[in-house]
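Remarks on the structure that follows.
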Amino acid sequence: MSHTLRRGATIEGGLPGIAGKLLGTASHYAPGEIEGSLYHWWSAAHFFAADRTSPRPRYVIMMPPPNVTASLHMGHGLNNTVQDVLVRFERMRGKEVLWLPGTDHAGIATQNVVERLMLQEHTTRHDIGRAKFEARVWAHVRETGATILDQLKAIGASCDWSRTYFTLDPQLSRAVREAFVRLYERGLIYRGNYIINWCPRCHTALSNEEAEKRDVDGSLWYLRYPLASGSGHVVVATTRPETMLGDTAVAVHPDDARFAAMIGKTVRLPVADREVPIVADAGVDPSFGTGAVKVTPAHDPLDFEIGLRHNLPVVDILTPEARISDAAPARFHGLDRFEARARVVAEFDAAGLLEKIEPHRHAVGHCYRCHTVIEPRLSEQWFVKMAPLAKPALEAYRAGRLSFIPARRGDDYAQWMENIRDWCISRQLWWGHRIPVWYCADPACGTMTVSRTDVTACSACGGDVRQDEDVLDTWFSSWLVPFSSLGWPDKTPDLDAFYPGSTLVTAPEILFFWVARMVMAGIEFMGDVPFSTVYLHGTVRDTQHRKMSKSLGNGIDPLEVVEHYGADALRFTMISGMAVGTDLILDPDDLESSFAAGRNFANKLWNAARFILTNVDGPTRPLAGPDPAAVRPEELTLPDRWIIARCQSTVVTATEAYERFRLNDAANAVYRFLWSDLADWYLEQVKPRLYGDEPGGDVARAVVVKTFEVALRLLHPIMPFITETLWQQLPGHAAGASIMRAPWPLPDPRAADPEAERAFSLVQELVGAIRAIRSEYHVEPGRQVHVRLAWRNPVFESEGETIRRLAKVADLRFGEPTEEPGAHDVLSDGNGIFVPLGDAIDIARECARLGTEIERLGKLITTQHRKLANTQFVERAPALVVDNERRKLTAWEEQSTVLAEKRRLLGCA
RNA sequence: GGGCGGUUAGCUCAGUUGGUUAGAGCGCUACGUUGACAUCGUAGAGGUCACAAGUUCGAAUCUUGUACCGCCCACCA
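The numbering of the first sequence is my numbering, which starts it at 2 and goes up by one.
What follows is the structure, encoded as structure tokens:
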């Protein structure tokens with residue numbers, strides 16, 4: 002198999018700093034000395050780069066672009082490790098892989114960061130003006146911009162860095178304008194006055210998705226509005242009493258008999274001292290509060306609609322800072338909304354108009370960037386009409402062109418699409434893509450020009466124009482990334498080669514912000530979904546299941562983990578610790594408990610490789626194939642056949658697990674093979690042959706190297722550094738080749754060998770049983786014991802040497818009943834084990850031990866008898882199951898008989 | 001308020017169409033420096049699978065209910 006280097010790159014003489022390091026070195030793997038130079042080599046050899054001219058099938062992943070000002074946290078670490086695992090897997094499987102990285106300009110977030118910095122310098126963006134502020138942000142971004150991408154390299158991310166993008170790049174900005182203008186031309190973008198989510202701290206509108214709902218313990222205030230006619234009143238319930246300053250009506254349900262007589266009358270609004278009508282509107286829920294609702298069209302979405310239906314005036318009582326505006330009585334001017342709330346309530350109370358206060362828990366919107374309580378506020382903004390975009394995006398999902406892992410996330414997607422609401426895309430920020438709309442300066446003309454290119458004169462009258470002050474929602478550029486990053490709207494070769502992509506890997510938080518919108522944009526602008534599978538992985542949380550965050554101080558710094566444990570340990574922990582649909586729980590106060598396993602595993606591999614390499618000199622024989630030097634089947638010992646079969650089954654298990662995104666299963670399968678099967682058993686078993694004390698050393702070497710090498714390939718996507726390091730040391734591949742581009746191991750059905758697996762597992766069982774007896778009776782570690790087995794078993798004869806060595810047995814004999822004192826046990830096939838221990842044996846203890854075991858078996862046998870005596874079971878259960886149960890019973894009975902006989906021989910009471 | 005998940009060993013989690021004597025890693029206990037590895041080896045302790053009822057020859061697995069935890073959605077002011 003050839004390992005083609007990209008773009009003619011060749012690495013002369015192997016890897017700098019790695020070759021020759023392995024042998025004769027310390028017994029501890031030192032990732033820090035290796036990872037950097039390995040990554041550099043991979044990168045320099047263009048192993049990460051995608052070749053658009055390649056005839057191979059494509060595999061494309063768009064990295065969720067981190068915020069340009071972000072620095073790496075565990076969430077990024079997890080997200081990008083998952084992507085890297087998939088990408089490395091598919092690369093080895095022969096796909097032409099593009100993993101495209103980029104950064105997001107992150108409008109609000111970045112602007113906030115820079116504004117905070119400026120605050121320390123005692124200046125604000127308003128002091129320096131828009132142009133200078135933009136320049137200031139650019140300077141900041143340029144300075145810190147690539148930080149997070151560089152940090153990703155430390156965890157081994159194999160992105161195609163040559164194609165890295167930034168959402169404010171000229172090319173992507175052009176795409177944004179193109180998308181805006183096209184949607185505008187299709188009538189899907191409009192401008193209008195609606196109630197939007199307003200963040201009083203960021204001074205901008207937010208989309209519905211950006212308004213984070215949180216349950217808050219508030220109150221429901223019952224306010225009495227006296228009827229203007231003089232006698233009587235109506236009581237309204239509200240969670241925001243201060244908004245009554247902007248009330249322009251009271252509404253009741255048209256069918257509500259309690260208020261029928263009041264409809265059409267007016268109330269005298271206390272505090273604000275205005276007269277407002279009582280109207281009937283079907284939007285009112287008669288069962289909530291008093292059934293009468295105060296109507297504040299400027300500050301509530303439902304009230305706004307009621308206002309439209311009844312032609313009510315709109316009184317905006319709030320400034321952009323959420324202070325009371327001059328639309329309210331003078332004594333309220335400038336009060337913060339919460340101060341005003343207290344003051345309004347106090348005045349109602351003083352006037353005897355506060356009916357009651359009830360505690361009330363309800364959801365309140367918070368800004369997703371700064372967590373300030375959002376104010377619903379009437380405002381003129383730009384919107385995208387979403388229903389026409391959602392329809393085909395929903396159909397694509399229903400038609401199976403888009404699938405989710407875990408599958409139930411598809412329900413969330415469909416539900417959101419079905420209930421889609423228009424997207425408010427204008428933001429009152431300075432950092433972002435400015436809205437490509439120009440207004441004629443001449444009010445008499447009033448023309449609005451929407452343009453792909455900058456406009457300097459009115460398209461109608463040729464007069465001066467001014468551009469819309471607002472910028473677009475950050476997500477308006479992100480949703481185009483699957484194609485804008487490839488050159489759209491131009492028909493570039495990259496776009497042709499790499500759209501649509503394959504898999505999208507992200508956290509569920511941005512399913513609606515980003516994933517769903519990308520699907521809509523992909524279909525709208527490219528005519529096809531941007532990816533076919535969405536893998537939504539879990540969230541990184543602490544042991545109390547709280548999301549890791551800077552503000553909570555419960556974060557773990559991935560780079561610190563890399564420094565202390567190595568990138569492979571970090572990756573192994575994250576991958577093996579998270580199943581599909583579950584979160585990743587880590588303890589920030591105990592890194593050792595989380596990451597030691599990965600480090601230890603890497604170290605185990607390091608030492609296994611040291612051992613193998615000290616005993617392998619040069620190329621090994623092929624295990625199969627036309628090569629006349631190939632190992633012939635009859636040359637293989639039972640342990641050889643066993644480890645080859647285990648290796649084969651690990652290939653099948655791991656491959657399927659990777660394919661099904663069950664990465665933890667893949668990690669565990671390879672872990673178990675390498676540690677439990679290969680290191681604990683096969684390497685221990687094979688030592689004499691490797692040392693040259695026995696014939697067949699060349700076969701043993703071939704088996705060891707081959708199975709180890711296959712396992713390294715299976716593990717490479719998860720632990721790329723250690724696997725590459727060790728793989729480089731193994732014989733049998735071309736100079737300059739990388740495991741990164743080595744072919745994925747293919748399942749070979751001929752390697753399956755159930756007979757060998759069964760036989761060797763009996764050997765394992767016998768060794769384990771003898772060891773347990775040794776341990777139980779505190780036989781000195783160095784001392785050899787004699788072992789007698791009740792009956793002859795060819796496997797134990799052929800593997801006698803192995804058994805003697807691994808269990809420290811002096812001699813293994815068969816069928817010699819004896820009455821001397823010793824310890825007894827029985828194998829699952831009913832074969833009895835006897836270990837004579839002479840004076841070391843405690844007869845009473847041994848009797849008790851056997852008694853306990855017989856009792857345990859007795860219970861099983863009783864249950865089993867009952868089960869098999871049950872005609873219902875025997876008749877209804879599948880024959881295979883019944884047979885199996887019969888076999889179990891026989892085995893238990895045999896074992897029990899054997900143990901009972903042993904007890905008799907010992908003279909137990 | 002609606003929808004969806006989860007609850008298995010001290011901790012983090014596996015357990016695929018019901019057939020299990022319920023597993024792994026970490027942690028814990030005892031012993032151990034055997035010619036790869038003490039970041040290791042060997043052996044071991046530890047679970048009425050949240051609770052209750054049901055379906056079935058058989059339930060960790062299916063159904064219903066309860067409790068607790070979590071996620072998503074929602075204009076009852």
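Yeah, the Cβ is synthetic: ideal placement off N, Cα and C, and Gly gets one too.
Asked                                                                                                             : Found
Sequence-distant residues of its chain with Cβ nearer than 7 Å to Gly37 (five each side left out)                 : none
Local Cβ density within 10 Å of Phe134, reported as buried at 16 or more and exposed below that                   : buried
Residue ranges of each beta strand (DSSP E) within the region 304–381, 3 or longer                                : 355–368
With 16 other Cβ atoms within 10 Å as the buried cut-off, status of Asn616                                        : buried
Cβ neighbour criterion (16 or more within 10 Å) applied to Gln649                                                 : buried
Nearest to Arg241 (by Cα), restricted to the options Leu560, Leu319, Asn665                                       : Leu319
Other residues of its chain near Ala646: CB distance less than 7 Å, five sequence neighbours each side excluded   : Ala752, Ala753, Asp754, Ala757, Glu758
Under the three-state DSSP convention, the category Val280 falls into                                             : strand
Secondary structure of Lys548, DSSP reduced to three states                                                       : strand
Whole-angstrom distance between Ile35 and Gly18, CA atom to CA atom                                               : Here Gly18 scores only 45 on pLDDT, less than 50, and its place in the model is too uncertain to base an answer on.
C-beta atoms of Leu828 and Ala770 nearer than 8 Å                                                                 : yes
Integer Cβ distance of Asp317 from Gly247, believed to fall under 8 Å                                             : 7 Å
Candidates Pro640, Phe339, Ala323, Ser677: closest to Ala299 by CA position                                       : Ala323
Inter-residue Cα distance where the pair is Ala458 and Gln84                                                      : 48 Å
CB-CB length for Asn80 against Thr507, believed under 8 Å                                                         : 7 Å
From Lys688, Phe874, Thr656, residue whose alpha carbon lies closest to that of Met93                             : Thr656
Residue nearest to Asp170 in terms of C-alpha spacing, selected from Leu189, Asn194, Ser485                       : Ser485
Ala919 - containing alpha helix (DSSP H), residue span                                                            : The requested residue 919 does not occur in the structure, where the chain is confined to residues 2 to 910.
Beta-bridge partners of Cys425, as assigned by DSSP                                                               : Phe384
Coarse secondary structure for Glu636, derived from DSSP in three states                                          : helix
DSSP three-state assignment for Gly698, whether helix, strand or coil                                             : helix
Spatial neighbours of Thr493 in its chain, beta-carbon cut-off 8 Å, leaving aside the 5 residues before and after : Leu487
At least 3 beta-carbon pairs within less than 8 Å: the region 532–544 vs the region 397–416                       : yes
Beta-bridge partners of Leu585, as assigned by DSSP                                                               : Val541
Cβ-Cβ separation, Leu679 to Phe709 (assumed contact under 8 Å), whole Å                                           : 7 Å
Inter-residue spacing [alpha-carbon to alpha-carbon] between Arg201 and Gly556                                    : Note on residue identity: the sequence assigns Pro, not Arg, to residue 201. If I take the Cα positions, the gap works out to 29 Å.
Cβ-Cβ distance between Ala811 and Val786 below 8 Å                                                                : yes
Proximity below 8 Å, CB of Ser163 to CB of Arg89                                                                  : no
Glu419, buried or exposed, once every other Cβ within 10 Å from all chains shown has been counted against 16      : exposed
Exposure of Cys425, with buried meaning 16 or more beta-carbon neighbours within 10 Å                             : buried
At least 3 beta-carbon pairs within less than 8 Å: the region 703–721 vs the region 624–638                       : yes
Glu847 - containing alpha helix (DSSP H), residue span                                                            : 844–870
Same chain, Cβ closer than 8 Å to Pro589, five either side skipped, listed in chain order                         : Asp543, Met549, Asn555, Gly556, Ile557
Sequence-distant residues of the same chain with beta carbon closer than 6 Å to Thr267, five excluded per side    : Ala229, Glu276, Pro278
Bridge partner(s) assigned by DSSP for Asn198                                                                     : Leu207, Pro377
Whether Val563 touches Ile156 by CB criterion (8 Å)                                                               : yes
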